[in-house]
Amino acid sequence: MKREGNDIVFQVVNYIIFGIFALICVYPFYYIVINTISANDLVDKGKIVFFPRGIHFSNYVDMLQRNGIARSAVVSVLRTVLGTGLSVLGASYMAFCFTKQKMWAKKFWYRFVVVTMYFSAGMIPVYLNIKMLGLLDTFWVYIIPGMFPVYNMILVKTFMESIPPSLEESAEIDGAGFLTRYFRIALPLSLPIIATVALFSMVGQWNSFMDTLLYIRDYNLYTLQYILYEYLNESESLAQMAQEGMDMSNAAQNMTPTSMRLTITVIVTLPIMLVYPFMQRYFVEGIMIGAVKG
Amino acid sequence: MEESVKAKSLHKKSKREGYMIFLYALPTIIFVFIFSYLPLRGWIYSIYNYQPGLPISECEFVGMKYFTKLFSNPVMRMNLFNSLRNTFAMVGLGILTSPLPMIFAIFLSEMRSKGFKKFVQTVTTMPHFISWIIMYSLVFSMLNVNNGFVNTLLVQMGVIEEPVNFLASQKHVWITMKGYELWKELGWSAIVYLAAIAGIDQELYEAAMVDGANRLQRIWHITVPGMIETFFVLLIMSLGNFLNTGMEQYYVFQNAMNKDYIQVLDLYVYNIGIGNGQISYATAIGIMKSLVAVIMFGFVNWLSKTVRGYSMF
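Sequences listed follow chains A and B, in order.
Start counting the first sequence at 1; every next residue gets the next number (this note's numbering).
Start counting the second sequence at 1; every next residue gets the next number (this note's numbering).
As structure tokens, then:
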């Protein structure tokens with residue numbers, strides 16, 4: 001009986017602690033969402049805490065019409081779609097090549113490639129290299145440097161090695177060439193891991209910020225993440241100005257620095273939130289293969 | 001005689017096939033060379049007085065000047081040591097908090113309700129997928145001095161009279177930075193341990209229960225041993241990677257007030273290289289960082305070979 005009592009206490013405490021942690025994880029997201037659809041003057045005073053008040057959606061309409069937001073959304077979507085597609089093809093093609101035991105000096109070349117995960121020439125030399133290649137201030141700097149991601153290649157290769165070799169051998173006897181075997185057999189059979197890798201690189205592309213910061217000056221090529229960063233800095237200074245005695249008696253629907261910042265945050269976060277439920281079952285597999293391979 | 005000719009031609013054929021496959025792989029290898037090896041050429045800028053825009057042949061050769069000056073010039077030395085101190089502080093906190101994902105996984109897996117477990121896992125993993133920019137925006141919404149959630153709440157409850165500017169404070173910078181990181185990554189890092197727990201034979205628990213082991217004893221003698229190897233592998237790997245804190249997190253959170261404590265090595269390289277245009281200094285620091293990283297990886301690999309019997313990479 002005593003043990004059962006202990007057990008109940010344990011379970012209750014456990015539930016409470018995890019419940020609080022879950023709340024801390026969810027609440028900031030909830031907070032920004034309700035604050036973008038509430039009356040902006042209340043928001044500015046920090047009055048919206050648990051429920052939205054004076055619901056309106058004009059912030060989103062305003063924000064999406066604002067110069068630069070729609071354009072940078074296009075840049076973000078394009079780089080995500082194109083970058084993910086090409087890097088998945090690149091990683092899986094490279095992986096397919098390295099599953100071939102017969103490749104000349106395979107061990108050496110595999111190490112040659114894998115070792116690049118563990119050293120980097122450093123930020124400045126990489127920057128100068130990108131500059132030398134003429135990628136500075138072009139859209140392609142988002143796509144090309146990440147076309148053959150080594151870590152993803154290792155994940156795909158590990159998966160491909162578990163495919164029975166007899167499938168490929170019989171295709172080879174039927175006269176299928178190297179590329180045919182890649183496109184018709186190895187690629188379709190690796191779809192589960194391809195999905196994982198694609199999700200990783202999608203998130204990476206969408207969230208990427210450093211490359212814009214380092215390589216892009218042309219504001220036509222700014223991504224949503226970068227625009228958000230600019231708004232964060234700007235609204236900080238705007239907020240400071242407001243504090244120094246600016247008249248802030250705005251109507252409920254007039255944009256304030258706070259509502260601008262919050263609205264664009266939601267716009268940038270939303271795509272991730274929308275795909276997240278679908279990716280959950282894929283990423284566990286990716287982590288496991290990654291952990292085993294180290 | 002005929003046999004050996006046949007074998008020879010077979011050998012020849014397979015050799016040719018090997019070359020063919022290599023040719024198929026060659027474009028990818030060249031690509032890796034261009035984007036990962038070619039930048040090493042840029043190390044040369046550390047021994048020249050590099051002026052952006054000038055070809056290297058017209059720059060003044062200065063030898064090891066930048067390397068020695070990093071240590072002999074008091075200001076440079078102080079900045080370098082400062083950023084090293086910050087990096088090591090973050091590493092130290094990282095080691096201290098490294099058992100947390102394991103503990104998280106153990107207690108989560110002890111939970112009875114499958115639905116609640118799933119819910120907790122879903123919402124705690126989610127922050128891993130947002131960028132540090134969004135993260136900063138969330139933190140700013142919670143903590144800013146004008147209308148942040150925490151300040152509003154504390155003022156209303158009468159805990160504080162004036163709002164506190166948490167984000168521009170230079171107190172506890174390391175701990176708050178580690179805290180943000182934990183909030184973002186704890187659920188994600190726990191996944192690998194949850195999978196390890198799922199792989200433990202259930203019969204072990206049943207047998208232990210028959211023998212009268214209580215919950216803590218079962219955790220300590222069955223669950224923990226089942227994932228301790230994963231724990232050490234991940235810990236060792238993070239040690240091998242210790243200088244690569246990345247700079248995104250520190251970049252978005254840095255401001256004039258907390259700069260002394262937030263500037264880790266990666267951010268320092270950015271700030272002096274891109275921010276101040278001191279290309280040669282930044283390259284010199286980058287080179288030393290890369291060399292230390294290679295040595296650390298060699299060491300970690302050796303450690304893994306001696307302790308676990310196989311190489312890490």
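Glycine is no exception: its CB is placed at the ideal position from the N, C-alpha and C atoms.
As the structure is a prediction and not an experimental result, all values here were calculated from the model.
Report buried or exposed for residue i, applying the criterion of at least 16 other Cβ atoms within 10 angstroms of its Cβ.
{"i": "F50 of chain A", "result": "exposed"}
{"i": "T306 of chain B", "result": "exposed"}
{"i": "K171 of chain B", "result": "exposed"}
{"i": "M64 of chain B", "result": "exposed"}
{"i": "T180 of chain A", "result": "exposed"}
{"i": "I227 of chain A", "result": "buried"}
{"i": "R111 of chain A", "result": "exposed"}
{"i": "T269 of chain A", "result": "buried"}
{"i": "V252 of chain B", "result": "buried"}
{"i": "Y229 of chain A", "result": "buried"}
{"i": "I95 of chain B", "result": "exposed"}
{"i": "R261 of chain A", "result": "buried"}
{"i": "P257 of chain A", "result": "buried"}
{"i": "T68 of chain B", "result": "exposed"}
{"i": "R16 of chain B", "result": "exposed"}
{"i": "M94 of chain A", "result": "buried"}
{"i": "G148 of chain B", "result": "buried"}
{"i": "G90 of chain A", "result": "buried"}
{"i": "Q121 of chain B", "result": "buried"}
{"i": "W132 of chain B", "result": "buried"}
{"i": "I130 of chain A", "result": "buried"}
{"i": "L187 of chain A", "result": "buried"}
{"i": "R215 of chain B", "result": "exposed"}
Starting from the C-beta of residue i, find all residues in its chain whose C-beta is less than 8 Å away, skip the five residues before and the five after it, and write them out in chain order.
{"i": "I175 of chain B", "result": "L93"}
{"i": "H128 of chain B", "result": "K184, E185, G187, W188"}
{"i": "Y197 of chain B", "result": "Correcting the residue identity first, residue 197 of chain B is Ile in this sequence and not Tyr. Counting only Cβ-Cβ distances below 8 Å, and skipping sequence neighbours, we find A105, I106, S109, T223, G226, M227."}
{"i": "V300 of chain B", "result": "I236, M237, L239, G240, M312"}
{"i": "N271 of chain B", "result": "Q263"}
{"i": "M135 of chain B", "result": "P127, Y180, K184, Q249, V252"}
{"i": "F278 of chain A", "result": "none"}
{"i": "M76 of chain B", "result": "K69, L70, Y281"}
{"i": "Y231 of chain A", "result": "M260, R261, I264"}
What residues in its chain sit with their C-beta under 7 Å from that of residue i, if we drop five residues either side in the sequence?
{"i": "L133 of chain A", "result": "none"}
{"i": "T84 of chain A", "result": "A198, S201, M202, Q205"}
{"i": "I222 of chain B", "result": "I200, L204, Y205, A208"}
{"i": "P314 of chain B", "result": "With chain B running from 1 to 313 in the structure shown, residue 314 of chain B is simply not present."}
{"i": "I160 of chain B", "result": "L154"}
{"i": "F148 of chain A", "result": "G90, A91, M94"}
Would you mind giving the Cβ-Cβ distance between residue i and residue j, rounded to the nearest angstrom? I have them listed as a contact below 8 Å.
{"i": "E168 of chain A", "j": "I185 of chain A", "result": "6 Å"}
{"i": "Y66 of chain B", "j": "S46 of chain B", "result": "6 Å"}
{"i": "T97 of chain B", "j": "C25 of chain A", "result": "The Cβ separation is near 17 Å, so there is no contact."}
{"i": "Y193 of chain B", "j": "P101 of chain B", "result": "6 Å"}
{"i": "S87 of chain A", "j": "I194 of chain A", "result": "Not quite, the Cβ-Cβ distance comes to about 11 Å (not below 8 Å), so this is no contact."}
{"i": "N146 of chain B", "j": "Y268 of chain B", "result": "At roughly 31 Å, the Cβ-Cβ gap does not stay under 8 Å, so N146 of chain B and Y268 of chain B are not in contact."}
{"i": "M90 of chain B", "j": "M20 of chain B", "result": "So it is not a contact: roughly 49 Å between Cβ atoms."}
{"i": "V156 of chain A", "j": "V113 of chain A", "result": "Contact flag wrong, Cβ pair sits at about 13 Å."}
{"i": "T196 of chain A", "j": "F283 of chain A", "result": "6 Å"}
{"i": "S36 of chain B", "j": "T223 of chain A", "result": "Going by Cβ atoms, the distance from S36 of chain B to T223 of chain A rounds to 24 Å, so no, they are not a contact pair."}
{"i": "G378 of chain B", "j": "P52 of chain B", "result": "Not covered by the structure: residue 378 of chain B. The range shown for chain B is 1 to 313."}
{"i": "L143 of chain B", "j": "L167 of chain B", "result": "6 Å"}
{"i": "G115 of chain B", "j": "W104 of chain A", "result": "With 8 Å as the limit, G115 of chain B and W104 of chain A do not qualify as a contact, their Cβ atoms being about 55 Å apart."}
Cutting at 6 Å between CB atoms, please list the residues of its own chain near residue i, excluding the five before and the five after it.
{"i": "G245 of chain A", "result": "For G245 of chain A, the predicted structure reports a pLDDT of 39, less than 50, and the residue's modelled location is therefore unreliable. A value from the coordinates is still provided. Excluding positions up to five away in sequence, the list is empty."}
{"i": "L82 of chain A", "result": "I143"}
{"i": "Y50 of chain B", "result": "C59, I279, S280"}
{"i": "K118 of chain B", "result": "none"}
{"i": "I163 of chain A", "result": "L189"}
{"i": "G275 of chain B", "result": "none"}
{"i": "F297 of chain B", "result": "G240"}
{"i": "A293 of chain B", "result": "L243"}
So what does residue i bridge to, in DSSP terms?
{"i": "Y48 of chain B", "result": "B:F61"}
When you measure from the CB of residue i to every non-hydrogen atom of the ligand ADP, does any distance come out below 7 Å?
{"i": "M210 of chain A", "result": "This structure lacks the ligand ADP, and indeed carries no ligand of any kind."}
Taking one C-beta from the stretch 117-132 of chain A and one from the stretch 282-289 of chain B each time, how about it: are there three or more such pairs within less than 8 Å?
-> These segments touch.
Could you tell me whether the stretch 71-81 of chain A touches the stretch 216-226 of chain A, using the rule of 3 or more Cβ pairs below 8 Å?
-> Here the stretch 71-81 of chain A lies against the stretch 216-226 of chain A, with 3 or more beta-carbon pairs under 8 Å apart.
The stretch 20-36 of chain B contacting the stretch 93-104 of chain A, beta-carbon criterion three pairs below 8 Å | Here the stretch 20-36 of chain B lies against the stretch 93-104 of chain A, with 3 or more beta-carbon pairs under 8 Å apart.
Tell me, please, whether the stretch 34-47 of chain A touches the stretch 12-20 of chain A by the rule of three or more beta-carbon pairs shorter than 8 Å.
-> Too few Cβ pairs lie closer than 8 Å, so no.
Taking contact to mean at least 3 C-beta pairs separated by less than 8 Å, is the stretch 137-150 of chain B in contact with the stretch 258-267 of chain B?
-> Here the stretch 137-150 of chain B makes no contact with the stretch 258-267 of chain B; the two share fewer than three CB pairs at distances below 8 Å.
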